[in-house]
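>
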Amino acid sequence: IAFLSDHEGVGNLYSCLMDGTDLRRHTDHDAFYARNAASDGHRVVYQCAGELWLVEDLESPDAGPRKLEVRLGGPRTGRRVHQVPAASNVDSLSVDETGRASAVTVRGSLYWLTHRDGPARTIADTPGVRVRLPEMLGSGGQVAYVTDADGPDAVEIAYLPRASGDRPPRRLASGLLGRVQEMISDPDGERLAIASNDGRLLLLDTGEGETELLEPDAKAPEAGEKAPSGSTRADLHAATGAAAPDSAAPVDEHPGLTELIRSVNGPVRDLAFSPDGDWLTWSHPGIGRSLRQIKLARISGPGAPVIVDVTNGRFEDENP
């Protein structure tokens, strides 16, 4: 009797005598299951991972499976390029300050699309590379987006298509961001706020040159410490969901990339800049499955950023 079984972990072809003795294993597939076995009484054919295999002799201990090479004819139209409808595959977009055009991501590629007439122009369209989360950078004719061209997430800044010619994009902070969950630009396009899946909230300068990661200020503010203008600095310890400075993983110093805060209860979200770009607010996860609090940080001016607790985290506060 020939049969398929996965009692050793992966489905393979076995046989045994009518009384259940002399169990033999005839195939050795370790990645995909053998399926749909059929026989003419002497040979057994089955499929594994979309390929046909034939076992010609179940009696011989040395007989193994042989892959059948099958070539099928088909209509030539089946080899035509499939046109993907863009309207049903739009991932995200960012509108420029004039409101007349947008940077649009479709199936991992980025395009510049005017809202009335005119062609769609390609900004980033590399096979095997996924682009997402586009953000217009002020009025400077640049757009920032997240790319996995190097494997880990990085931020790439590209110039919008112009009649005068293309300029190569700049890639920043490759491998330093973790998995980017959210990214926004300040009104002037001078810096990006990035929420990572590991709970970090990062600030990235968009100026020319390489970026390096700066560690947070070694002297973390304590709960209740008074900050300028009568505000209160946020406690960065576990009570508010932020890791203590000595619990954060050590990082190399890279100018232009700053870790503003780190949450131990999940990623931050709902990032928003003030109209003047001097303040950044977000929804910070608290202790508990759904508790969140609103935090506000002054990121401009001398000294370290000042972080203020806007709400106390007793409820699910979001979308500031």
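The numbering of the sequence shown is the UniProt record's numbering, which starts it at 1 and goes up by one.
The C-beta atom is built at its ideal place from N, Cα and C for all residues, glycine as well.
For the beta strand (DSSP E) holding residue 94, just list the boundary residues, first then last.
90–95
> Between the Cα of residue 270 and the Cα atoms of 162, 316, 182, 256, which residue gives the shortest distance?
The residue with the shortest Cα to Cα distance from residue 270 is 182.
> I'd like the span of the beta strand (DSSP E) that includes residue 356, first residue to last.
This structure does not reach residue 356, given that the chain is present from 1 up to 320, and the question cannot be answered.
> For residue 16, count neighbouring Cβ atoms within 10 angstroms of its own Cβ and tell me buried if that reaches 16, exposed if not.
exposed
> Of the residues 69, 140, 280, 277, which one's Cα is nearest the Cα of residue 158?
140
> Could I get the ranges of all uninterrupted alpha helix (DSSP H) runs contained in the region 61–141, with 4 residues as the minimum, in chain order?
none
> Check each candidate in 60, 37, 41 and name the one with the smallest Cα separation from residue 50.
37
> Considering just the uninterrupted stretch of the beta strand (DSSP E) at residue 194, what are its terminal residues?
191–196
> Between the beta-carbon of residue 310 and the beta-carbon of residue 298, is there less than 8 angstroms?
no
> Is it buried or exposed for residue 265, if we count other Cβ within 10 angstroms and need 16 for buried?
buried
> Counting C-beta neighbours from all protein chains within 10 Å, is the total for residue 124 16 or more, i.e. buried, or is it exposed?
buried
> Please look up how many angstroms separate the CB atoms of residue 154 and residue 177, rounded, as I've assumed it's under 8 angstroms.
7 angstroms
> If you draw a straight line from the C-alpha of residue 67 to the C-alpha of residue 20, how long is it?
28 angstroms
> Rounded to a whole number of angstroms, what is the C-alpha to C-alpha distance between residue 197 and residue 137?
In a straight line, the C-alpha of residue 197 is about 23 angstroms away from that of residue 137.
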